[in-house]
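First residue of the sequence shown? That's 1 in full-length UniProt numbering, and the numbers climb one at a time after it. We put the CB at the ideal spot given by N, CA and C, even for glycine. Keep in mind that this is a model prediction, so the values were computed, not measured. Structure first, commentary second.
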Amino acid sequence: MDTHAGELTLKPYHRHHHDHRDLQPPTSVKASDALPLPLYLTNGLFFGIFFSVAYFLLHRWREKIRNSTPLHIITFPEIAGVVCLAASFIYLLGFFGIGVVQSFISRGSQDSWDVEEDNNVMIKKNGGGCTPAESLACTLAPVSRERVVAPTIQEPFLSGDDEEVIKGVVSGTIPSYSLESKIGDCKRAAAIRREALQRMTGRSMEGLPLEGFDYESILGQCCEMPVGFVQIPVGIAGPLLLNGTEYMVPIATTEGCLVASTNRGCKAIYASGGASSMLLKDAMTRAPVVRFGTAKRAAELKFFVEDPANFDTLSVAFNRSSRFGRLQNIKCAVAGKNLYMRFSCSTGDAMGMNMVSKGVQNVLDYLQTDFPDMDIIGISGNFCSDKKPAAVNWIEGRGKSVVCEAIIKEEVVQKVLKTNIDTLVELNMLKNLAGSAMAGALGGFNAHASNIVTAVYIATGQDPAQNVESSHCITMMEAVNDGKDLHISVTMPSIEVGTVGGGTQLASQSACLNLLGVKGASKESPGSNSRLLAAIVAGSVLAGELSLMSAIAAGQLVKSHMKYNRSSKDVSKIAS
1 MDTHAGELTL KPYHRHHHDH RDLQPPTSVK ASDALPLPLY LTNGLFFGIF
51 FSVAYFLLHR WREKIRNSTP LHIITFPEIA GVVCLAASFI YLLGFFGIGV
101 VQSFISRGSQ DSWDVEEDNN VMIKKNGGGC TPAESLACTL APVSRERVVA
151 PTIQEPFLSG DDEEVIKGVV SGTIPSYSLE SKIGDCKRAA AIRREALQRM
201 TGRSMEGLPL EGFDYESILG QCCEMPVGFV QIPVGIAGPL LLNGTEYMVP
251 IATTEGCLVA STNRGCKAIY ASGGASSMLL KDAMTRAPVV RFGTAKRAAE
301 LKFFVEDPAN FDTLSVAFNR SSRFGRLQNI KCAVAGKNLY MRFSCSTGDA
351 MGMNMVSKGV QNVLDYLQTD FPDMDIIGIS GNFCSDKKPA AVNWIEGRGK
401 SVVCEAIIKE EVVQKVLKTN IDTLVELNML KNLAGSAMAG ALGGFNAHAS
451 NIVTAVYIAT GQDPAQNVES SHCITMMEAV NDGKDLHISV TMPSIEVGTV
501 GGGTQLASQS ACLNLLGVKG ASKESPGSNS RLLAAIVAGS VLAGELSLMS
551 AIAAGQLVKS HMKYNRSSKD VSKIAS
């Protein structure tokens, strides 16, 4: 790596240090030499196999759909056809694809990193008396326009001094977003990006940890351009006795009192015999918006999609996108010339947004044949509705719809919760029901369901932004057994969780899922792990609601927060 005339030139480090002028071009060996037939005959043969077999399989698939034959029942000719199709595809991909990919890689390495100029190719001098410490500053000599053949054995691309790379990022010569792909070391890329950021902003990032995190695990799936990670403490509430099983609930939060309060609620539930939950619905949704020339055409598609006679055909198109995604229903809404189609489907143990989106795209492609005038405006038209408060989620549900209940004994209310049943029932009616109605709440008929939902979501690798609809909850309380006991329930129609994909595969979040016994996908019963996680979330919300409402009823809320939610540090000294 070297700087010359104000520009940064990046060079691969060569394992062999012989002079480039001594390199002899290798003997040219063609891949086609290994073929038993001439190249043009071999290509023609595989082209013929590919298209003929593809036509045969498509014809068989169409016949099965017409005859209502299950698609998974295949004959020997079909198996042979699949094998031939795969073999011909691999051959054609290898023959035509490698050159295209290599051309993009070669062009990208020159365009993105400014390795060479067209009129002046830089090569490292051999000799010249440069010491290893001075090698990065050696002057580069211009050579002719002919490209120099580099040695075939190379170390990772950026093996020089990090300082030069940092300067390149600061000056804009090196794109920060491509450090991982060019360097090949995610942690080193994060460190370089972090230092460049500090220099560009003039602000220190001391206190944001860099060490102790697996940056490889987030590459391409969780976070782009990382510069460190945020530490959030995880507390444990429990045991939560739910459906006869005890669970220790991980809660990731920086709010004092939250874990202690939820833990008290768990204690009250446990002492009263536990809580029970029921899954009401399990369906993730996606609602594309399409447009026609007239409202009449939009209505015609609505009738077609909602016609039960067409459901099986649409299901076949939708379900082929995944082993676990299964279409359940489609509900439509018309707004003038625009049609919104809300697809609902089961998604196994995944939260399922990507799964349902792929299925919806398949159906839209299928509908385009019969409705060629359909203009697809967007795969999501907000009728889903994702990460926004919406009445459709509150009424119809999204993800897992769960109800959880418990009967709390009178003595537990008095001794553990420090209040009484009549006060709790009245407070719930005036605060959670009437008070929320006065505020015009949408799904917010509770004390602090989002507190628990968000904390458990962060701990278990869920999408924290989905706490918006996942926190939809109505808390109900009433006196039972002649007023001696308290019946409390939470009904949550839109809990969106998964135990595979996204942040669930990170080490810390995976450990929390393992603590709950819901890590990964269930092999025995696909989808059962995510459904159990949703039930645990609802049970934890039940405990949190019970404890907070009791604290308010007993007048202990301010006192407890002064004790557990205030720092004892001198803030003025910290600021200075």
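Have a look at residue i and residue j and give me their C-alpha separation to the nearest angstrom.
i	j	result
Thr262	Phe343	36 Å
Ile474	Asn446	5 Å
Gln556	Lys431	16 Å
Glu411	Phe229	46 Å
Arg193	Gly168	11 Å
Asp373	Leu314	19 Å
Leu542	Met477	11 Å
Ala437	Gly397	20 Å
Leu548	Pro70	54 Å
Ala298	Asn338	6 Å
residue 595	Ala191	Outside the displayed span of the chain (1 to 576) sits residue 595, for which this structure offers no information.
Lys182	Ala189	9 Å
Thr75	Gly81	10 Å
Ile166	Glu195	7 Å
Gly265	Arg60	60 Å
Gly544	Lys281	23 Å
Gly207	Leu506	22 Å
Ala511	Asn382	34 Å
Pro77	Tyr91	21 Å
His443	Leu58	In the sequence as displayed, the identity of residue 443 is Gly instead of His. Each residue's Cα considered, the two are about 48 Å apart.
Ser525	Ala54	35 Å
Glu164	Glu211	22 Å
Cys222	Gln466	16 Å
Ser204	Ser380	40 Å
Cys384	Gln414	44 Å
Among the options, which residue has its Cα nearest to the Cα of residue i?
i	options	result
Gly244	Gly228, Gln368, Gly274	Gly274
Phe213	Arg203, Thr423, Val249, Pro226	Pro226
Ser550	Ala335, Thr491, Ala268, Ala350	Ala268
Glu306	Lys409, Leu367, Gln231, Arg203	Leu367
Ile232	Thr173, Gln505, Leu424, Thr253	Thr253
Val418	Ile379, Leu546, His59	It should be pointed out that residue 418 corresponds to Lys in this sequence rather than to Val. Closest by alpha carbon: Leu546.
Ser450	Ser525, Ile495, Val334, Gly94	Ile495
Phe318	Gln414, Arg297, Met355, Cys332	Met355
Leu219	Cys266, Ser178, Ala391, Cys257	Ser178
Cys361	Thr504, Glu180, Ser321, Gly517	In the sequence as displayed, the identity of residue 361 is Gln instead of Cys. It is Ser321 whose Cα lies nearest to the Cα of Gln361.
Thr201	Gly498, Pro77, Val170	Val170
Lys187	Asp162, Thr173, Gly265, Gly207	Asp162
Glu180	Gly503, Glu224, Leu513, Ala465	Glu224
Ala390	Ser176, Leu301, His472, Phe304	His472
Lys484	Lys519, Asn514, Ala459, Asp422	Asp422
Checking 8 Å against the spacing of the C-beta atoms, do residue i and residue j come in under that value?
i	j	result
residue 625	Tyr247	Because the chain spans 1 through 576 in this model, residue 625 falls outside it and cannot be assessed.
Ala350	Gly501	yes
Met341	Val402	no
Leu486	Lys400	no
Gly359	Val289	no
Lys387	Val453	no
Ala271	Val416	yes
residue 645	Ile65	In the structure displayed, the chain extends from 1 to 576; residue 645 sits before or after that span and is not available.
residue 599	Ile552	Shown here, the chain extends from 1 to 576; a query on residue 599 therefore has no answer.
Gln509	Gly461	yes
Ser489	Cys404	yes
Ala521	Val497	no
Val249	Val425	no
The beta strand (DSSP E) spanning residue i covers which residue range?
i	result
Tyr177	No beta strand (DSSP E) contains Tyr177, which DSSP labels as neither H nor E.
Gly378	375–378
Cys404	399–408
Asn329	326–335
Met225	Per DSSP, Met225 belongs to no beta strand (DSSP E) and is neither H nor E.
Thr475	473–480
Met351	Met351 -> no beta strand (DSSP E), and no H or E assigned at all.
Cys345	338–346
Leu486	485–495
Val290	289–291
If you follow the alpha helix (DSSP H) that residue i is in, where does it begin and where does it stop?
i	result
Ile536	528–553
Met200	186–201
Gly235	No alpha helix (DSSP H) contains Gly235, which is instead part of the beta strand (DSSP E) from 234–242.
Leu301	295–306
Thr460	449–460
Asp422	421–427
(request) Could you tell me which uninterrupted beta strand (DSSP E) segments, each at least 3 residues in length, are contained entirely in the stretch 239–280, listed from first to last along the chain? (result) As far as the stretch 239–280 is concerned, its whole beta strand (DSSP E) runs of at least 3 residues are 245–252.
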